[in-house]
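Residue numbers (the working numbering), protein chains in the order written: chain A, 1 to 111; chain B, 112 to 227.
We put the beta carbon where it would ideally sit given N, CA and C, even for glycine.
Reading through the structure tokens given below for one structure.
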């Protein structure tokens, strides 16, 4: 069964304290792993897509990496505005393009 | 990137009634997806709506409870029928640009539904 597990469920950081979020997955025929950011009362906002093991992508203080079993979202020197829930999702081959989501990691960055 | 306008953004409804949620995309799209996000749970796909055909429902979701319309390539509705408190959740519509499987999905802002 396709499954996405994110850890930790919640993470509290001090401003400037770097850390990583984990997304482990099992899926039949991965057709992309996606990271989204979701702010309260809003829909998920796209951050990254990764397709193959070893791939990395960066955007400002965020860097996403992918292995055959998991992905990491590294946050370097976070700021309070990085506080949000970060969602990981996979798209599997043979699907109509829908995503399978993890439960998310709620990140709080304190000044 | 494409934009989805979803409404209403929130509603409080009486049990036994129905609510229709609308999603308007600012460009033509092939697929539209409806998700449910319950507190502490992951986004769960309800159904996939393709223009001109019946929606495809995921296990645990049925058309009588969640009828979907897809009259054209920019619009879709989801109705939550005969609501009970267990239907209280956030409902999100989604699509992706183009038919290629490797394009990212984009989302509406969600509808927060409370059933009392």
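Nearest in C-alpha terms to residue 41 of chain A, of all of B:203, B:207, B:216 and B:217, is B:203. The DSSP assignment places 186-191 and 200-207 as complete runs of the beta strand (DSSP E) inside the segment 180-211 of chain B, in order along the chain (cut-off: 3 residues). Legend: CB atoms of the segment 146-178 of chain B lying less than 9 Å from CB atoms of chain A belong to residues 146, 148, 151, 152, 153, 154, 155, 156, 159, 161, 167 and 169. Collapsing the DSSP output to three states places residue 81 of chain A in a helix. Within the same chain, 134, 143, 160, 179, 180, 181 and 204 come within 7 Å of residue 187 of chain B by CB-CB distance, once the 5 residues on both sides are set aside. Annotated three-state conformation of residue 137 of chain B is coil, per DSSP.
For the segment 90-107 of chain A, residues whose beta-carbon sits nearer than 9 Å to a beta-carbon of chain B comprise 91, 93, 95, 96, 97, 98, 99, 100, 101, 102, 103 and 104. In this structure residue 149 of chain B is not in contact with residue 219 of chain B, their Cβ atoms being roughly 17 Å apart against a cut-off of 8 Å. Check the Cα spacing between residue 3 of chain A and each of A:46, A:12, A:108 and A:102: the tightest is with A:102. Beyond the five residues adjoining it in sequence on each side, residue 38 of chain A comes within less than 8 Å, by CB distance, of 44, 45, 84, 85, 86, 87 and 104 in the same chain, given in chain order.
Within the same chain, and ignoring the five residues on either side of residue 111 of chain A in sequence, the residues whose Cβ sits closer than 7 Å to its Cβ are 15 and 80. At a cut-off of 8 Å between C-beta atoms, residue 49 of chain A counts as an interface residue with respect to chain B.
Just measuring C-alpha positions, the residue of A:66, A:56, A:12 and A:61 sitting nearest residue 24 of chain A is A:66. The three-state reading of DSSP puts residue 90 of chain A in strand, counting E and B together. Runs of beta strand (DSSP E) with 3 or more residues, each lying fully within the segment 142-186 of chain B, are found at 142-148, 155-161 and 179-183, listed in chain order.
Per DSSP, residue 220 of chain B lies in no beta strand (DSSP E) and is assigned neither H nor E. One thing to note: residue 74 of chain A has its Cβ within 8 Å of the Cβ of residue 63 of chain A. Per the coordinates, the alpha-carbon of residue 151 of chain B lies some 11 Å from the alpha-carbon of residue 106 of chain A. Rounded to whole angstroms, the separation of the alpha carbons of residue 154 of chain B and residue 27 of chain A is 16 Å. Contact of residue 113 of chain B with chain A is not assigned, every C-beta pair being separated by 8 Å or more. Listed in chain order, the non-local C-beta contacts of residue 192 of chain B below 8 Å within the same chain comprise 129, 175, 176, 177 and 178, local neighbours out to five positions each way being set aside.
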